[in-house]
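S.K.:
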């Protein structure tokens, strides 16, 4: 029975590169040094940073190699199975264990004392036999005797270098795994946040579509719309607050606010001039709009041009717009664009984030008209770029207020949208 077990152990040793080149006699000489130890599943065999004492060969079972990250989390970097060695670096250097080993299933191990293995050279006649066979070649023997220490020193140094590189590779693997894990967790959290925001946007669109129909039926919606806008803003702020990201991530920061404010105002001028030019061309080139004035008639005369275009209604709309615009930017740029910039991958992820968030921003204008939804794409791209440039909602909100306020209330750009 013992011979059968010894033969099985020898077969296991021959599967491992450390022992595969040893002769049967050498393997049999190792048998008295072997201890057999059984471990249940989920038991620790080696602790990271322990001093190396034993070398293990897996006879039966499976183990996992765990490396501790900087925050203390243990990450699996590999698994080992029957015939593979554990703790072999202890044969080369006396550095602390580079990883923790834990069983996955019940495991049987062959255990060698590292000290016993290192003492083998003192107890065997391998080198003496070699010298005896070469005794008739004295010069070659002398060369061998003189040069072997240098060679062994080089081999020893090389082994130490390889050992250090393996340990560094293990640490690099752990750092990479940790980085990938953190990135995956962040994308999962951001994906959940985006779903919640999109749900809010859908409810927002339905709500204001209903309000738009009420407005067409000459019912006043100002009293309802302003609280609704504030309500949606509070919901989004609450979602941001409870996400795993700081509010600064969503553009709610005063960092660089002066430059953002100045550029927001200055760069709005070309957009305003473009709006004026478009309306002027439409009035002068399209007969059905020839009766329009460049500037909103309600501002020029104060007369009731339309039930919703008289001066008091216009003032109410302006006040609502002052509340509406920052919240719109909070959703479109702060929530959607920031989330997409973090969630998407690839070299063009920023531009894709701007495009996708801007399309959603455009869709929120469908309750007014399809043409308006299409028209806001151009300034939307500009505001997306401006937000990415400054990472704050201050400049983009001011620009939106200026451009949108002048476009809607001063130049009444909606009057040229026929559908």
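In the UniProt record's numbering, the protein residues as written are 1 to 419.
Every residue, glycine too, gets a C-beta built ideally from N, C-alpha and C.
1. Between residue 358 and residue 380, how many whole angstroms is the CB-CB distance? I'm expecting something under 8 Å.
2. Where in the region 24 to 74 do unbroken runs of the beta strand (DSSP E), each at least 3 residues long, occur, reported from the N-terminal end onward?
3. Ignore the nearest five residues each way along the sequence and tell me which others in residue 17's own chain have a CB closer than 6 Å to its CB.
4. Under the DSSP definition of a beta bridge, which residues are partnered with residue 81?
5. Going by DSSP in three states, residue 282 sits in which element: helix, strand or coil?
6. Hey, could you find the ends of the beta strand (DSSP E) residue 102 is sitting in?
7. Look at the alpha carbon of residue 295 and the alpha carbon of residue 406, and state the distance between them as a whole number of angstroms.
8. Just checking, does the region 16 to 30 make contact with the region 68 to 81 on the three C-beta pairs under 8 Å criterion?
9. Tell me, please, which residues DSSP counts as bridged to residue 76.
10. Would you mind working out which of 366, 202, 320 and 12 sits nearest residue 81, comparing C-alpha positions?
11. Please name the residue, chosen from 248, 112 and 50, that lies closest to residue 101 on a Cα-to-Cα basis.
12. Work out the CA separation of residue 14 and residue 66 for me, nearest whole Å.
13. Taking its Cβ as the centre, do 16 or more other Cβ atoms sit within 10 Å of residue 133, making it buried, or is it exposed?
14. Ends of the beta strand (DSSP E) at residue 108?
15. Leaving out the 5 sequence neighbours to the left and right, which residues in its chain are closer than 8 Å to residue 96 when beta-carbon positions are compared?
16. Quick check on residue 86: does DSSP put it in helix, strand or coil?
17. Using a Cβ-Cβ cutoff of less than 6 Å, which residues in the same chain neighbour residue 366 once the five nearest sequence positions on both sides are dropped?
18. Leaving out the 5 sequence neighbours to the left and right, which residues in its chain are closer than 7 Å to residue 327 when beta-carbon positions are compared?
19. Suppose you measure from the CA of residue 394 to the CA of residue 261; what does that come to, to the nearest Å?
20. Compute the distance between the beta-carbons of residue 279 and residue 411, then report whether it is under 7 Å.
21. Rounded to whole angstroms, what's the CA-CA distance from residue 9 to residue 112? Just pull it up for me.
22. Can you tell me the Cα-Cα spacing of residue 323 and residue 329, whole angstroms?
23. Helix, strand or coil for residue 391 per DSSP?
M.R.: Let me spell this out:
1. 4 Å
2. 35 to 39, 44 to 46, 54 to 60 and 62 to 68
3. none
4. 62
5. helix
6. 100 to 103
7. 9 Å
8. no
9. 66
10. 12
11. 50
12. 26 Å
13. Low confidence applies here, because residue 133 scores a pLDDT of 41, under 50, leaving its location unreliable and the question unanswered by this model.
14. 107 to 113
15. 48, 49, 50, 51 and 52
16. strand
17. 373
18. 229, 232 and 233
19. 6 Å
20. yes
21. 13 Å
22. 11 Å
23. coil
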